[in-house]
Each structure stands twice: as C-alpha cells, then as structure tokens.
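*Asks:* Mind looking over this structure? Questions follow.
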Amino acid sequence: MPSDAPSDPSSDDFDAYVAAFHALLHRNLPIPAEYPGPCAPRRVDASRPLVAIVSPHPDDECIVGGLPLRLRLEAGYEVLNIAATLGSNVGRRDERWTELTHACEVLDFATVDPHFVDRLPLHLKRRENEPETWRRDVARLAEVFAEHTPAIVMCPHAQDGSASHIGTHALTLDALALYGKPAWLVQSEFWGTMPTPNLLVELSNRDIAHLLRALVCHRKEVERNPYHLRLTSWLADSVRRGGETVFGAGLEPPSYDFGAVYRVDRWNGQRLEPLERRGAVGIDEPLNAFFEI
C-alpha cells in the first residue's frame, strides 16, 4: 500500500479515543508512603443505621463500596467493615491490616478484625470438611452482628468467582441465621457477575475518586497489580451490564457514566425473602429510599 495513501479521517478519532484510554491505564496515581502503623479504631455511633460489609479481603471495602459510601454521605449511615480475612500471605497480614485501617479512614468507615481463630481459609470445602471450625467462625461473626445490629449487611454473591468470596457469602448467611434478627442483605460482585442483580447505583466522579483514594492505601496490592487503574472502566461497564440485567434485555439503560450493581433482598431473621422490586438510583435520588419497606 502506498505510504502517501490518504487516511480515513474517522480512523483518527477512534485512534485518539483508544489512546486516551491507554494513557489513563498508565497514569501514575500517587500511592502513599509506607505507614508507620494502623490508624486508631473509629468508634461507631450506635444511634445511626449501620451498613456492615463482610469483606473477603482488605480492599473489597473500596471495590464494592459505592453503595455504603453513598449511604454514609447522603443519609448519615455508619459503615463498619468486617475483615473476614487479611489475605492468604501470613507474612503480610499485619501490614494488610494497617493498610486497611488507612483505607477505611479515607472512607470514614469503621473497621473491625473479628479475630477468627487460626484465620483458616473461608472456603466451602472447610464448611463441608471441618464443620466445627466453621461453626466457630459463624458464631464469632454472629457476635459482631449482635454487637452492632446492622440495618444492612453486605457480602459477595454465591457465585462470585473466588473461593474466598464464595466462602464469605456462605459464612455471612450462616451467621445471619444464628444472629436471628432481620436486616437487608446486599450482595455484591467482583470476580464473577451476578445472574439477577436488582439494583443499579449511579456513582459520581467524586464518589469514584473517593474510592480510588482509599484503594491506593492498599499499597503493596496495587503495586503488585495496578487494578486501581481499571476500577473506573469496570464501573462504567457495570452500567452497560446492569442496564439490561436489572431491567431486562433490550430496554434503554439509564444514562449514567458510572455505577455499581447489587442484589438486595430482605433477611427476615430466619430466611431470605427475595425482593421483587428493581431499581436504578441516580446521584440526585435518595439511595436510602430503596431500603424503606
């Protein structure tokens, strides 16, 4: 092909569009210096409604934290992150706890380590093969619920594509059954998509910047794998997917730039009651209204 062949003007637009994304994926967002130690524990105001996030790993509170962040900022909810694990690398656990406390300080979330004995893996195989140790962790998580009486409990969904995420889902439902009091259950997704989400939550530019500032507190994780630079793209894609999975294929999706999908159901103290309604909550709408019976 001759080198002086005229270029298609439209191809320049597409090349520039992709180049802009490429540049963002290589943008050096500032990562904090090593922390001298963990932040002091933040006390929970028991007079406010509380969202309890049962997080499989440190950093999940940031990745799926759009809904609780909005509830805190808009409606004054307290948010408590429950660190179900501190990761599989035993040598990094103290450091990961320190990073987690700093991330939660950025988000103004409280955080607690339930101190599961021996920190055994939260996998379904252990639930089946080591029922005694599993029941011990269930009882401890139920104690945390009883201490804080959450209005909303968050955990990964049952097919979230990671053994620890799937195990955390099972642990949470087992603990809710032992706890025996009603709460909203919000299921999140990260490693595997949910088949039936029923809530799409719009996130503003400021919301996502807030989540990113917290996410980079997990210093060693984002240095190892710069997934923080892909969070914005994932939240944009969630609008594409949620626009059809929440409301039905072929319908016009909400005109959000960024959002996160969740599954909301009601735990009645004994069992899960599927929620029939579906919704999309924009940044100018009250998110807490979705949780009013």
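For the sequence shown, counting from 1, position 214 maps to 255 in our numbering; every step adds exactly one. We treat Cβ as the ideally placed atom computed from N, Cα and C, and that holds for glycine. Nothing here was measured: the structure is a model prediction, and the numbers come from that model.
Is it right to say residue 275 is buried, meaning 16 or more other beta carbons lie within 10 angstroms of its own, or is it exposed?
*Replies:* It is exposed - the Cβ of residue 275 has fewer than 16 other Cβ atoms within 10 Å.
*Asks:* Fully enclosed by the segment 167-193, which beta strand (DSSP E) runs are 3 residues long or longer?
*Replies:* Counting whole runs of 3 or more residues, the segment 167-193 contains no beta strand (DSSP E) stretch at all.
*Asks:* Relative to the C-alpha of residue 332, which candidate in 312, 303 and 311 has its C-alpha closest?
*Replies:* The shortest C-alpha separation from residue 332 is found at 303.
*Asks:* DSSP three-state label for residue 152, please.
*Replies:* In this structure, residue 152 counts as strand in the three-state DSSP scheme.
*Asks:* Going by Cα to Cα distance, which pick from 163, 170, 171 and 199 is closest to residue 182?
*Replies:* With distances taken between Cα atoms, residue 182 lies closest to 163.
*Asks:* Please classify residue 320: does DSSP put it in a helix, a strand, or coil?
*Replies:* Note: residue 320 maps to strand in three-state DSSP.
*Asks:* Taking the Cβ atom as the reference point for each residue, do residue 96 and residue 124 lie within a distance shorter than 8 Å?
*Replies:* Yes. Within cutoff.
*Asks:* Rank 305, 160 and 212 by C-alpha distance to the C-alpha of residue 135 and give the top, closest one.
*Replies:* Residue 160 is the option with its Cα nearest to residue 135.
*Asks:* From 190, 307 and 252, pick the residue whose C-alpha is nearest to that of residue 148; which is it?
*Replies:* Closest by alpha carbon: 252.
*Asks:* Based on the DSSP secondary-structure assignment, which residues constitute the bridge partners of residue 195?
*Replies:* Answer is 94 and 227.
*Asks:* Let me make sure I understand the geometry here. Which of 193, 300 and 100 has the alpha-carbon closest to that of residue 247?
*Replies:* With distances taken between Cα atoms, residue 247 lies closest to 300.
*Asks:* Between residue 68 and residue 256, is the Cβ-Cβ spacing less than 8 Å?
*Replies:* Cβ atoms of residue 68 and residue 256: not closer than 8 Å.
*Asks:* What are the residues that DSSP puts in a beta bridge with residue 123?
*Replies:* The partner list for residue 123 (beta bridge, DSSP) reads 95 and 153.
*Asks:* Report the residue from 105, 329, 146 and 58 whose alpha carbon sits nearest the alpha carbon of residue 94.
*Replies:* Of 105, 329, 146 and 58, the residue nearest in Cα terms is 105.
*Asks:* Helix, strand or coil for residue 212, going by three-state DSSP, please let me know.
*Replies:* Correct three-state label for residue 212: helix.
*Asks:* For residue 155 and residue 184, what's the separation of their Cα atoms in angstroms?
*Replies:* Each residue's Cα considered, the two are about 9 Å apart.
*Asks:* How do the segment 186-204 and the segment 225-236 stand: do at least 3 beta-carbon pairs fall below 8 Å, yes or no?
*Replies:* The segment 186-204 is in contact with the segment 225-236.
*Asks:* Taking the continuous beta strand (DSSP E) assigned at residue 84, which residues delimit it?
*Replies:* Counting along the chain, residue 84 falls outside any beta strand (DSSP E), and DSSP gives it neither H nor E.
*Asks:* Which residues share a DSSP beta bridge with residue 337?
*Replies:* With the chain covering only 42 through 334, there is no way to say anything about residue 337.
*Asks:* What are the uninterrupted segments assigned as alpha helix (DSSP H) that are 4 or more residues long and contained completely in the segment 240-282, given in chain order?
*Replies:* Counting whole runs of 4 or more residues, the segment 240-282 contains the alpha helix (DSSP H) stretches 246-256 and 260-265.
*Asks:* By alpha-carbon positions, which one of 102, 296 and 143 ends up nearest to residue 73?
*Replies:* Comparing Cα-Cα distances from residue 73 to each of 102, 296 and 143, the minimum goes to 143.
*Asks:* Report the three-state DSSP secondary structure of residue 307 (helix, strand or coil).
*Replies:* In this structure, residue 307 counts as strand in the three-state DSSP scheme.
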